[in-house]
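Throughout the sequence shown, residue numbering follows full-length UniProt numbering, covering 1 to 886 in sequence.
What follows is one structure encoded as structure tokens, with my remarks underneath.
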Amino acid sequence: MRTETGQVIRLGDYRPSDYLIDKTDLVFRLDPTRTRVTAKLQMRRRAGVAPGTPLTLDGDGLTFVGARIDGADAGDNAVSATADALVVNAPPASETFTLEIETVVDPTANTQLMGLYRTGGNYCTQCEAEGFRRITYFLDRPDVLSVYAVRIEADRKDVPLLLSNGNPVENGDLGDGRHYAVWHDPHPKPSYLFALFAGNLGVVEDEFTTASGRLVTLKIYVEHGKEPRAAYAMDALKRSMRWDEERFGLEYDLDIFQIVAVSDFNMGAMENKGLNIFNDKYVLADPRTATDQDYASIEAIIAHEYFHNWTGNRITCRDWFQLCLKEGLTVYRDQEFSADMRSRPVKRIGDVRLLRAHQFPEDSGPLAHPVRPRTYREINNFYTATVYEKGAEIVRMLRTLLGAKGFAAGMDLYFQRHDGEAATIEQFLACFAEAAQTDLTQFALWYDQPGTPNLAITTRYDRTARTFAVTVNQSLKPPVAGTPNAPMVIPIAFALAGKNGSTLDHDAVSGARTMQHEGEDGVLVITEPKHEIVFTGIAEEPVLSVLRGFSAPVTRVPQAPTRDRFFLARHDSDPFSRWEALNSLAMEDLIKATRAVSAGDPAAASDALVDIFSAVAGDGTFDNAYRALCLTLPAETDIAREIGRDIDPDAINKARRGVTEHLAKACERVFARIYHELQPRNAYDPGAEGAGRRALRNVALTMLCHAARSTDLAEQALAEADNMTDRAHALMVLTHLAPESEAAAQALEAFRTAFRAEPIVLDKWFTIQATVPRAETVETVQALTKAPGFSWDNPNRLRSLIGAFATGNPVAFNRADGKGYELLCAAIRRIDAKNPQVAARLMTAMRAWRNLEPGRRQRAKTAIESLRRGDRVSRDLADIIDRTLA
Ligand code: ARG
Ligand code: ZN
Numbered sequence: 001m002r003t004e005t006g007q008v009i010r011l012g013d014y015r016p017s018d019y020l021i022d023k024t025d026l027v028f029r030l031d032p033t034r035t036r037v038t039a040k041l042q043m044r045r046r047a048g049v050a051p052g053t054p055l056t057l058d059g060d061g062l063t064f065v066g067a068r069i070d071g072a073d074a075g076d077n078a079v080s081a082t083a084d085a086l087v088v089n090a091p092p093a094s095e096t097f098t099l100e101i102e103t104v105v106d107p108t109a110n111t112q113l114m115g116l117y118r119t120g121g122n123y124c125t126q127c128e129a130e131g132f133r134r135i136t137y138f139l140d141r142p143d144v145l146s147v148y149a150v151r152i153e154a155d156r157k158d159v160p161l162l163l164s165n166g167n168p169v170e171n172g173d174l175g176d177g178r179h180y181a182v183w184h185d186p187h188p189k190p191s192y193l194f195a196l197f198a199g200n201l202g203v204v205e206d207e208f209t210t211a212s213g214r215l216v217t218l219k220i221y222v223e224h225g226k227e228p229r230a231a232y233a234m235d236a237l238k239r240s241m242r243w244d245e246e247r248f249g250l251e252y253d254l255d256i257f258q259i260v261a262v263s264d265f266n267m268g269a270m271e272n273k274g275l276n277i278f279n280d281k282y283v284l285a286d287p288r289t290a291t292d293q294d295y296a297s298i299e300a301i302i303a304h305e306y307f308h309n310w311t312g313n314r315i316t317c318r319d320w321f322q323l324c325l326k327e328g329l330t331v332y333r334d335q336e337f338s339a340d341m342r343s344r345p346v347k348r349i350g351d352v353r354l355l356r357a358h359q360f361p362e363d364s365g366p367l368a369h370p371v372r373p374r375t376y377r378e379i380n381n382f383y384t385a386t387v388y389e390k391g392a393e394i395v396r397m398l399r400t401l402l403g404a405k406g407f408a409a410g411m412d413l414y415f416q417r418h419d420g421e422a423a424t425i426e427q428f429l430a431c432f433a434e435a436a437q438t439d440l441t442q443f444a445l446w447y448d449q450p451g452t453p454n455l456a457i458t459t460r461y462d463r464t465a466r467t468f469a470v471t472v473n474q475s476l477k478p479p480v481a482g483t484p485n486a487p488m489v490i491p492i493a494f495a496l497a498g499k500n501g502s503t504l505d506h507d508a509v510s511g512a513r514t515m516q517h518e519g520e521d522g523v524l525v526i527t528e529p530k531h532e533i534v535f536t537g538i539a540e541e542p543v544l545s546v547l548r549g550f551s552a553p554v555t556r557v558p559q560a561p562t563r564d565r566f567f568l569a570r571h572d573s574d575p576f577s578r579w580e581a582l583n584s585l586a587m588e589d590l591i592k593a594t595r596a597v598s599a600g601d602p603a604a605a606s607d608a609l610v611d612i613f614s615a616v617a618g619d620g621t622f623d624n625a626y627r628a629l630c631l632t633l634p635a636e637t638d639i640a641r642e643i644g645r646d647i648d649p650d651a652i653n654k655a656r657r658g659v660t661e662h663l664a665k666a667c668e669r670v671f672a673r674i675y676h677e678l679q680p681r682n683a684y685d686p687g688a689e690g691a692g693r694r695a696l697r698n699v700a701l702t703m704l705c706h707a708a709r710s711t712d713l714a715e716q717a718l719a720e721a722d723n724m725t726d727r728a729h730a731l732m733v734l735t736h737l738a739p740e741s742e743a744a745a746q747a748l749e750a751f752r753t754a755f756r757a758e759p760i761v762l763d764k765w766f767t768i769q770a771t772v773p774r775a776e777t778v779e780t781v782q783a784l785t786k787a788p789g790f791s792w793d794n795p796n797r798l799r800s801l802i803g804a805f806a807t808g809n810p811v812a813f814n815r816a817d818g819k820g821y822e823l824l825c826a827a828i829r830r831i832d833a834k835n836p837q838v839a840a841r842l843m844t845a846m847r848a849w850r851n852l853e854p855g856r857r858q859r860a861k862t863a864i865e866s867l868r869r870g871d872r873v874s875r876d877l878a879d880i881i882d883r884t885l886a
């Protein structure tokens, strides 16, 4: 384990590499504990670098065997190697030379799941960000692009499948029961995109013909017997390939595209060139084992990794500070894909909810950082909601500001100009500035200033002058002392709504630049701390609808007047804004209810909220998925975030439960009707339409159980469920509302028995129990770590039990005696010894400790501090803890 504190890496220190690697020939002689790796590197001294300049290659925990320079053994004077670096003291003076290196690695001992490791008896790699240096010494940085040829040798019986990037070249027998395969990837790539998989899996095969007629073989590898469960992923892959051609004009560029599903994986998936490696939970699906949410995630992640082939692989990042160049852009692309495949408003609302749940708190707490950070100690800790999701919002704002045409012109120029390069955010923005002939200097602040800007907006209508005045103030509270907060460019998509929501015309606007792209909402472009905007020729008093479609990742405090929001919740022509208005009204009631609970009073919803809630519930003109979102109250964590300080999670829980019961009782008849009308008619179909029906019906089920204060209906639903969406939902309702009941105990046991051999399904069983909102869940989670099926070594198990407990159960995790924090910190200590990345990620669950009420705040702090004070922790974990406490 790397336990050093780790030095700080700075964007400002970037220098191009003195040496480049034109060609990389790798030979792997696979062995469970002693895999030999030979790397033959075609080195080239960069123009302008003095001959003989020493060359340092990165390593991490390597066993060095030997090195040769231009074919001759390099003695100890020429080369010095430690586990973490190899230095060629006096490289040949010639511009090019070859460097051959032999190392030995132990894949079985690799519990970090970075580099070459074992999973389910197979060999697998993960190299992003800095895992390649755990395989061989290398210039392990994204701006060193090399052409790879890979030869893999292994035992034929145990390891029949030998895969790497690019196209297959040859394979054959080696005698002695061993065989080999050779792969060649013609596209120069950085080392983080290298992949190797070797083992024994089943395969699903298909093909795709690109727009220009290239026939591509598609293969998805999964555990034997699970092939039918890869059908949906294959379908999503083909749809992704077609969509990228139609929407962005981007075609696939190799003869084969392969996806391997493995069960031990630190994150979701990885876009290695031509050989994506996936966490199997984002590949495997059938109605019996996967929920609608699982299907949607699979579709999005398959698309995301595929889209990386252009945004990430063909054009990669110059350095890791530019991570959002590929991630923010690729998330934007996968969001658009899902919006086109399903309902655009529903997708947008879901994405905004996620942004608010994960990115906003990150951006206002101790782990806040710019979308393009300026420093880091451990890059793995920067695969964050800010880099990914806020990064995607920035791209979306560009699209809003430039319109469809300007945005497409910028993207085209970007691909044309930077294909085959390692690029920067400046280069990306320059393409849009040039193609759309606009200045993006101020816009670029979005990449450099952390924090969520706030808008304060007021309006005044003058009947006689027929003017409508809108005052907009923007402000940015620096989340980290000393970070900049200059005014930003904020695109506010807007409409002036007249009676019934129809958009009113206006004559002229002063006070801000406005624009109107064909077929889209008008946009106010805010650039100053304060704008006084005046619309003239307004025939009647309008209601202002702003941030339509969530046109910028900002907050709005104070909210629009309550009366306006009730109007917009009924009439806004933008479905996002309509949901937003309703959601903010519900939030207002929930916060009032929390205050009431803290004062010893009962929690209730206002009459006005009850009215609008039942109107939406009964409104059959909305599509089902949209209605389900509207009828879902903000989560306890959302309420906590909104309250912001001195948080008492118990009061929030009681308040939300009280408001839910009130609304459920008031709308019981409507929910009963929905529940019966939406009974499944046809066979399960994972598409948007069926998913919407199930989503709304399951909201109705939850509400009916609350209204009746009984779980009878959930029990019945569980008995009738013929798919995992309905089954898992009913089990969750039953377990959460009646955790002590015999019915819940039996249902949980039945679920466990049915899925004991399916770890990713059993994860739902762990999560449902880990999120029961009551104090005793601390002990339940403790006990579940000893349950059959749990493992301290598998990231999915850890996330579904420990992670779900810490992030999805505010009541138990924040138990007043601090036992929840102690449980998490003890688990993290144990996990850190084997897998620092997962440990560091779990630690982020404590980032909001300062917002708690004083008693919990102190207990949380003590738990974090004792974790830091005990035995040494990894660099990954130390980085998160130190920033959390700073
Ligand atoms: N590039 C991958 C993706 O977004 C994720 C890699 C995450 N790597 C890490 N070290 N956390 O598709
Ligand atoms: Zn990505």
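Idealized CB from N, CA, C, for every residue including glycine.
Distance cut-off 7 Å: residue i Cβ against heavy atoms of ligand 3
i, result
"A129", "Ligand 3 is not part of this structure, which contains only ligand 1 and ligand 2."
Any non-hydrogen atom of ligand 2 within 7 Å of residue i CB
i, result
"E271", "yes"
"E715", "no"
"H308", "yes"
"E389", "no"
"T289", "no"
"T316", "no"
Nearest-angstrom beta carbon gap, residue j and residue i [assumed within contact, 8 Å]
i, j, result
"M587", "P542", "In fact, because the Cβ distance is near 24 Å, the residues do not count as touching under 8 Å."
"C124", "I256", "Actually they do not touch by this definition, with Cβ atoms about 18 Å apart."
"F671", "A617", "7 Å"
"Q42", "T96", "7 Å"
"L823", "Q769", "14 Å between Cβ atoms; not a contact."
"M515", "V509", "With 8 Å as the limit, M515 and V509 do not qualify as a contact, their Cβ atoms being about 10 Å apart."
"N171", "V182", "7 Å"
"A552", "P479", "That pair is no contact at about 17 Å."
"F265", "L113", "7 Å"
"A707", "Y675", "The Cβ separation is near 11 Å, so there is no contact."
"C317", "A422", "6 Å"
"N653", "V778", "No, N653 and V778 are not in contact; Cβ-Cβ is about 15 Å, not under 8 Å."
"M341", "E299", "7 Å"
"D292", "T767", "The Cβ separation is near 16 Å, so there is no contact."
Residues that residue i bridges to, as DSSP identifies them
i, result
"K219", "E205, Q258"
"E100", "K40, R68"
"F468", "Y461, F535"
"N279", "V262"
"E153", "R29, Y180"
Contact test: residue i Cβ vs ligand 1 heavy atom, cutoff 7 Å
i, result
"E865", "no"
"H304", "yes"
"N266", "yes"
"Y383", "yes"
"N835", "no"
"E327", "yes"
"N167", "no"
"N313", "no"
"P279", "Per the sequence presented here, residue 279 reads as Asn, with Pro not at that position. Incorrect: N279 has no Cβ contact closer than 7 Å to ligand 1."
**Report entry** Sequence ranges, alpha helix (DSSP H) only - wholly within the region 533-608, length at least 4
**Finding:** For the region 533-608, the full-length alpha helix (DSSP H) segments reaching 4 residues or more read 562-571, 575-598 along the chain.
Report task. For the region 351-414, list the alpha helix (DSSP H) runs that are entirely contained and at least 4 residues long, ordered along the chain. Result -> 360-364
**Report entry** Cβ pair count under 8 Å reaching 3, the region 136-145 against the region 11-25
**Finding:** Taking a contact to require three or more Cβ pairs closer than 8 Å, the region 136-145 and the region 11-25 qualify as touching.
Query raised in the report: Would you call the region 373-384 and the region 867-877 in contact, with 3 or more CB pairs under 8 Å?
Result: yes
Query raised in the report: Does the region 460-472 come within contact of the region 434-441, defined as at least 3 CB pairs closer than 8 Å?
Result: no
Query raised in the report: Residue ranges of each alpha helix (DSSP H) run of no fewer than 4 residues wholly in the region 644-717, ordered along the chain?
Result: 649-666, 668-677, 688-708
Report task. Please confirm if the region 200-209 is in contact with the region 272-289, defined as three or more CB-CB distances below 8 Å between the two stretches. Result -> Result no; under three Cβ-Cβ pairs closer than 8 Å.
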